[in-house]
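Following our numbering, the numbering of the sequence shown begins with 143 at its first residue and continues without gaps.
Note that CB positions come from ideal geometry on N, CA and C, so glycine has one too.
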Amino acid sequence: VQLQASGGGLVQAGESLRLSCAASGSIFRLNIMGWYRQAPGNQRELVARITSGGSTNYADSVKDRFTISRDNAKNTVYLQMNSLRSEDTAVYYCFLETAVIPRQTYWGQGTLVTVSS
143 VQLQASGGGL VQAGESLRLS CAASGSIFRL NIMGWYRQAP GNQRELVARI TSGGSTNYAD
203 SVKDRFTISR DNAKNTVYLQ MNSLRSEDTA VYYCFLETAV IPRQTYWGQG TLVTVSS
């Protein structure tokens, strides 16, 4: 399974960005896709995730600003990021986790989001 992320860039505080991550290869239909992020000097943290059935979870810091969605036919997950803040600056990594045992997790290459204040 390969994941290709795109959509990062440099924006000003208050602006929006949309990240995309397309998965390819042998993908089990029951899975969880989502995004982690890692800022310099910080640990990687979960931003949002969505199951193949559409259930979502968000980090408290992004609730009401970020929206995760997916297109199962395209094996693609999206992260719409609104009202961006300087503290959202990080490398964003998409992932896919199979929802069967043994669970396997696959990672994208990371895309940099920089928010200037």
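**OP:** Grab me the residues of T209's own chain with a C-beta within less than 7 Å of its C-beta, minus the 5 sequence neighbours each way, in chain order.
**Re:** By one-based count along the sequence shown, residue 209 stands at place 67. Taken in chain order, the residues that qualify are Q222.
Original post:
Taking the C-alpha atoms as reference points, what is the distance between E187 and R171?
Top reply: Taking the sequence shown and counting its residues from 1, one reaches residue 187 at position 45. Taking the sequence shown and counting its residues from 1, one reaches residue 171 at position 29. So the two alpha carbons sit approximately 25 Å from each other.
Original post:
Is it the case that the Cβ atoms of T231 and V189 are separated by a distance below 7 Å?
Top reply: Here residue 231 refers to the residue found at position 89 when the sequence shown is read from its first residue. Here residue 189 refers to the residue found at position 47 when the sequence shown is read from its first residue. No, Cβ-Cβ distance for T231 and V189 is not below 7 Å.
**OP:** Check whether the Cβ atoms of A147 and C236 sit closer than 7 Å, and answer yes or no.
**Re:** Along the sequence shown, one-based indexing puts residue 147 at 5. Along the sequence shown, one-based indexing puts residue 236 at 94. Yes, they are a contact pair.
Subject >> Limits of the unbroken beta strand (DSSP E) element including L254 >> reply: What you label residue 254 is simply residue 112 of the sequence shown in a count that begins at 1. Element bounds for L254: T253 to S258.
**OP:** In angstroms with no decimal places, state the Cα-to-Cα distance between G183 and Q144.
**Re:** For the purposes of this step, residue 183 is taken as the residue at position 41 of the sequence shown. For the purposes of this step, residue 144 is taken as the residue at position 2 of the sequence shown. Roughly 27 Å separates the two Cα atoms.
Original post:
Can you give the Cα-Cα distance for S166 and L152, rounded to whole angstroms?
Top reply: By 1-based counting over the sequence shown, the position of residue 166 is 24. By 1-based counting over the sequence shown, the position of residue 152 is 10. The alpha-carbon atoms of S166 and L152 are separated by roughly 27 Å.
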